[in-house]
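J.: Numbers given in the working numbering equal positions in the sequence shown, counted from 1, plus 287. Every residue gets a Cβ at the ideal spot worked out from N, C-alpha and C, and that includes glycine.
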Amino acid sequence: MSTPVFKFCPVCSAPLTEKHVYHALRLTCSTCSFVFFLEPKVVTVVVVEHKSNLLLGRRNIDPGKGLWSFFSGYMERGEQVELAAIREVKEETNLDVHLENLIGVYSEHGNPHVVIAYRASVINYDVSDMVAQPDEVSELSFFAPETVPPLAFPTDADILRDWQRLQT
Numbered sequence: 288m289s290t291p292v293f294k295f296c297p298v299c300s301a302p303l304t305e306k307h308v309y310h311a312l313r314l315t316c317s318t319c320s321f322v323f324f325l326e327p328k329v330v331t332v333v334v335v336e337h338k339s340n341l342l343l344g345r346r347n348i349d350p351g352k353g354l355w356s357f358f359s360g361y362m363e364r365g366e367q368v369e370l371a372a373i374r375e376v377k378e379e380t381n382l383d384v385h386l387e388n389l390i391g392v393y394s395e396h397g398n399p400h401v402v403i404a405y406r407a408s409v410i411n412y413d414v415s416d417m418v419a420q421p422d423e424v425s426e427l428s429f430f431a432p433e434t435v436p437p438l439a440f441p442t443d444a445d446i447l448r449d450w451q452r453l454q455t
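Okay, here's the thing in C-alpha cells:
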C-alpha cells in the first residue's frame, strides 16, 4: 500500500497505521482495532444499441473529456447492478433502455474499478427524448460499429471487442 489516504480512525479518531491483515497491508487502529478496508468501486457500462448502431456520448468531464464513450457510472451502495446501469443511461441520455445481456466483467491489477458491462436496447425510441446531460456528456450520436471513433478508456475498447464477438 502506498501513502495512506486516510490518517485517522473513523471510530475513535486515533491515528491509523499500516498492518498486515488478511494477507494484505491495511490501515488499522491500534487503539480500537478498527480495520479500514478500501473496497473496489463498481462501475456499470452500457452499450446502447438501436437499429444496428451504437449510441455513444462525448465526455464533458475528465478523464477523457472530449472523447467518446459508452454510458457508465458508479454503482451506489445497496443498489442493484442492473438498475444502476439503467439509471446511468437515463441520467446521461434521458432514454429508457432494456438490458439485453451481460457483455463482461473487467478488472485489472492495481486499478480499484470493477467494470460490469451490459448490452441494452432503447425502449420506445423517439429522437426528441434523447438529450445529453451537459454536466457529463456534451453530445450524443449513433455510430455504425465499424465507424466508432477513438474511445475514452482502454476498457471501452475491450467492451467493444467483446460486444462484437457476441454479434457472431
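#1: Have a look at Gln454 and Thr315 and give me their C-alpha separation to the nearest angstrom.
#2: Are the CB atoms of Ile410 and Val329 within a distance shorter than 8 Å?
#3: For the alpha helix (DSSP H) that Ala372 lies in, which residues bound it at each end?
#4: For Glu379, does the count of other Cβ atoms within 10 angstroms reach 16, so buried, or fall short, so exposed?
#5: For Leu343 and Tyr393, what's the separation of their Cα atoms in angstroms?
#6: Express the C-alpha separation of Leu325 and Pro297 in angstroms, rounding to a whole number.
#7: Drop a sphere of 10 angstroms on the beta-carbon of Val322, count the other beta-carbons inside from all chains shown, and report buried for 16 or more, exposed for fewer.
#8: Among Lys338, Asp413, Asp443, which one has its Cα closest to the Cα of Gly351?
#9: Where does the unbroken beta strand (DSSP E) through Ala301 begin, and where does it stop?
#10: May I have a chain-ordered list of the beta strand (DSSP E) segments no shorter than 3 residues that lie completely inside the segment 327–352?
#11: Can you tell me the Cα-Cα spacing of Phe295 and Leu312, whole angstroms?
#12: Can you name, in chain order, every residue of its own chain whose Cβ lies under 6 Å from the Cβ of Asp383, other than the five neighbours on each side?
#13: Give me the residue from Phe440, Arg374, Pro432 with the minimum Cα distance to Trp450.
#14: Taking the CB atoms as reference points, tell me whether Asn388 and Tyr405 lie closer together than 8 Å.
#15: In three-state terms, what does DSSP make of Leu354?
#16: Is Arg364 closer than 8 Å to Ser356 when the C-beta atoms are compared?
T.: Quick answer:
#1: Within the sequence shown, numbered from 1, the residue matching residue 454 stands at position 167. Within the sequence shown, numbered from 1, the residue matching residue 315 stands at position 28. Their Cα atoms are separated by approximately 48 Å.
#2: Counting from 1 along the sequence shown, the entry for residue 329 is found at position 42. Counting from 1 along the sequence shown, the entry for residue 410 is found at position 123. No. Outside cutoff.
#3: Taking the sequence shown and counting its residues from 1, one reaches residue 372 at position 85. Note, Ala372: alpha helix (DSSP H), 368–380.
#4: The residue labelled residue 379 in the question sits at position 92 within the sequence shown. Under this definition Glu379 is a buried residue.
#5: Position 56 of the sequence shown, counted from the start, is the residue given in the question as residue 343. Position 106 of the sequence shown, counted from the start, is the residue given in the question as residue 393. Distance between the alpha carbons of Leu343 and Tyr393: 19 Å.
#6: Counting from one through the sequence shown, the residue named residue 297 turns up at place 10. Counting from one through the sequence shown, the residue named residue 325 turns up at place 38. Distance between the alpha carbons of Pro297 and Leu325 is about 13 Å.
#7: One-based indexing of the sequence shown puts residue 322 at position 35. Exposed is the call here.
#8: Within the sequence shown, residue 351 is the residue found at index 64, counting from 1. The shortest Cα separation from Gly351 among Lys338, Asp413, Asp443 belongs to Asp443.
#9: The count along the sequence shown starts at 1 and reaches residue 301 at position 14. Per DSSP, Ala301 belongs to no beta strand (DSSP E) and is neither H nor E.
#10: 328–337, 340–346
#11: For the purposes of this step, residue 295 is taken as the residue at position 8 of the sequence shown. For the purposes of this step, residue 312 is taken as the residue at position 25 of the sequence shown. Whole-angstrom Cα-Cα distance: 16 Å.
#12: Within the sequence shown, the letter at position 96 stands for residue 383. Contacts found: Ile410.
#13: Here residue 450 refers to the residue found at position 163 when the sequence shown is read from its first residue. Ranking Phe440, Arg374, Pro432 by Cα distance to Trp450 puts Pro432 first.
#14: Against the sequence shown, residue 388 aligns to sequence position 101. Against the sequence shown, residue 405 aligns to sequence position 118. Yes, they are a contact pair.
#15: Taking the first residue of the sequence shown as position 1, residue 354 is located at position 67. Reduced to three states, the DSSP call for Leu354 is coil.
#16: Locating residue 356 in the sequence shown gives position 69, where the first residue counts as 1. Locating residue 364 in the sequence shown gives position 77, where the first residue counts as 1. Their beta carbons are not under 8 Å apart, which means Ser356 does not touch Arg364 by this criterion.
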